[in-house]
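*Asks:* 451 is the number of the first residue of the sequence shown in the working numbering; add one for each residue after it. Ideal Cβ placement from N, Cα and C applies to all residues, glycine included.
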Amino acid sequence: MKTVFKTLMYLMIVAGLAFGARYGYRLAKEKANPTAKKEGRAALPVRVLPVQTGCVTNAIKLTGSLEAIRTVDIMPKISGRLERLSLEDGTPVWEGLEVTNRQVLAVIDHRDIHAQLSQAKAAVESARAAVATANVVLKDRARERTRMEKLFAEGSTTEQQRDLAMTAYEQAVTERAQAEANLVHAQTAVNVSEVTLSEAFIHAPMNGVVSAKYVDPGAMVGASTKIVQVIPMDELKFMIAIPGPYLHLLAAGRTAVSIRSDAVPGRVFLGQIARIYPAVDPVTRTATVEVRLKNERNTAGEWLLRPGLYAE
């Protein structure tokens, strides 16, 4: 038992000496090279910047089609033969022609309407003459009534003669009222004819481009006949289908969209979401989003983008 105890004590002493020798060696090495420890634990460089606000961009690449903001099919309000389908300077109306608001594009044969207007104006002049005559008669009957009332009061005429004068006066009042009503009716007929005549001239409803021509000069047209189609080109809409999980990232009037089209390589057009349709397609789980963007012209004055083009 004593032998085992001595052996354990001996081993512990040897282990302590070995540990002390190793620790002393490390201290001597650090004193000989004091920068080694510092270099091994060099501090990382840190750059401090002020807090700033910025934009976080979430990019979703989708395809869609460009469309006109509105499409107007121009139809006449009256029926007749299409006399002219050209501008006032004689330029024929064709697809691609740029037009301005209220510019005359077509004219319907209006000779009959013009004749009706002339007749209506003549009727107005006749009615005015009748009113003037009625006023003269009324004044004469008024004087006669006054004279007969005075004579009756003096006892110089009979009651019957006075009553006849009163009746004649009342009849003159009625005739003047009828003449004035006829004048109003005649003037109304003139106004109607003038409106009908103006409707024979078909105007462009807005600034834009003729996108379709449906009839040619000489054709009979009516209130349901399409003549031309006009669309604005200065602004277009980009219709895209957005997956449901991305809808919460969008806001009408605030979310910007970058648009590219193969028709204009290398160009990026900036647009903005104008409308997010409320319903989601139950099949595709997407919602239709309308983006508005300004169109631009090339050096030749032609529009770069056109309705119907694909874009992304």
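Express the C-alpha separation of residue 618 and residue 609 in angstroms, rounding to a whole number.
*Replies:* Taking the sequence shown and counting its residues from 1, one reaches residue 609 at position 159. Taking the sequence shown and counting its residues from 1, one reaches residue 618 at position 168. Near 14 Å, if we compare the C-alpha coordinates of residue 618 and residue 609.
*Asks:* Locate the alpha helix (DSSP H) running through residue 619, then write down its first and last residues.
*Replies:* Translated into positions along the sequence shown, residue 619 becomes position 169. Segment 609 to 648, the alpha helix (DSSP H) holding residue 619.
*Asks:* Shorter than 9 Å from the beta carbon of residue 564 to some beta carbon of chain D?
*Replies:* Considering every chain present, this structure includes no chain D. It has just one protein chain.
*Asks:* Here's the rule I'm using: 16 or more other beta-carbon atoms within 10 Å means buried, otherwise exposed. How should residue 661 be labelled?
*Replies:* Sequence index remark: in the sequence shown, residue 661 carries index 211 (1-based). Label assigned to residue 661: buried.
*Asks:* Using a threshold of 9 Å, state whether the C-beta atoms of residue 753 and residue 671 are closer than that.
*Replies:* Position 303 of the sequence shown, counted from the first residue, corresponds to residue 753. Position 221 of the sequence shown, counted from the first residue, corresponds to residue 671. No; because the gap between Cβ atoms is not below 9 Å, this pair is not in contact.
*Asks:* If we call anything under 9 Å between Cβ atoms a contact, is residue 714 one with residue 755?
*Replies:* Numbered from its first residue, the sequence shown carries residue 714 at position 264. Numbered from its first residue, the sequence shown carries residue 755 at position 305. Taking 9 Å as the Cβ cut-off, residue 714 and residue 755 qualify as a contacting pair.
*Asks:* Taking the DSSP output, what are the residues bridged to residue 686?
*Replies:* In the sequence shown, counting from the first residue as 1, residue 686 sits at position 236. Beta-bridge pairing links residue 686 to 518 and 743.
*Asks:* Rounded to the nearest angstrom, what separates residue 550 and residue 628 at their Cα positions?
*Replies:* Residue numbering aside, residue 550 sits at position 100 when the sequence shown is read from its first letter. Residue numbering aside, residue 628 sits at position 178 when the sequence shown is read from its first letter. If you take the alpha carbons of residue 550 and residue 628, they lie about 47 Å apart.
*Asks:* Taking DSSP's pairing of strands, which residues face residue 663 in a bridge?
*Replies:* Translated into the one-based positions of the sequence shown, residue 663 becomes position 213. Paired residue(s): 678.
*Asks:* Would you call the stretch 637 to 650 and the stretch 524 to 542 in contact, with 3 or more CB pairs under 8 Å?
*Replies:* As far as the Cβ criterion goes, the stretch 637 to 650 touches the stretch 524 to 542, which means the pair count is three or higher.
*Asks:* Determine the DSSP secondary structure at residue 509, reduced to helix, strand or coil.
*Replies:* On the sequence shown, position 59 is the one that residue 509 refers to. Coil, per DSSP.
*Asks:* From which residue to which residue does the alpha helix (DSSP H) around residue 708 run?
*Replies:* Against the sequence shown, residue 708 aligns to sequence position 258. Note, residue 708: premise wrong, no alpha helix (DSSP H); beta strand (DSSP E) at 706 to 709.
*Asks:* Suppose the cutoff is 8 Å on Cβ atoms and the five residues either side in sequence are ignored; what does the same chain contact list for residue 717 look like?
*Replies:* As a working note, residue 717 is residue 267 in the sequence shown. Hits under 8 Å: 710, 711 and 754.
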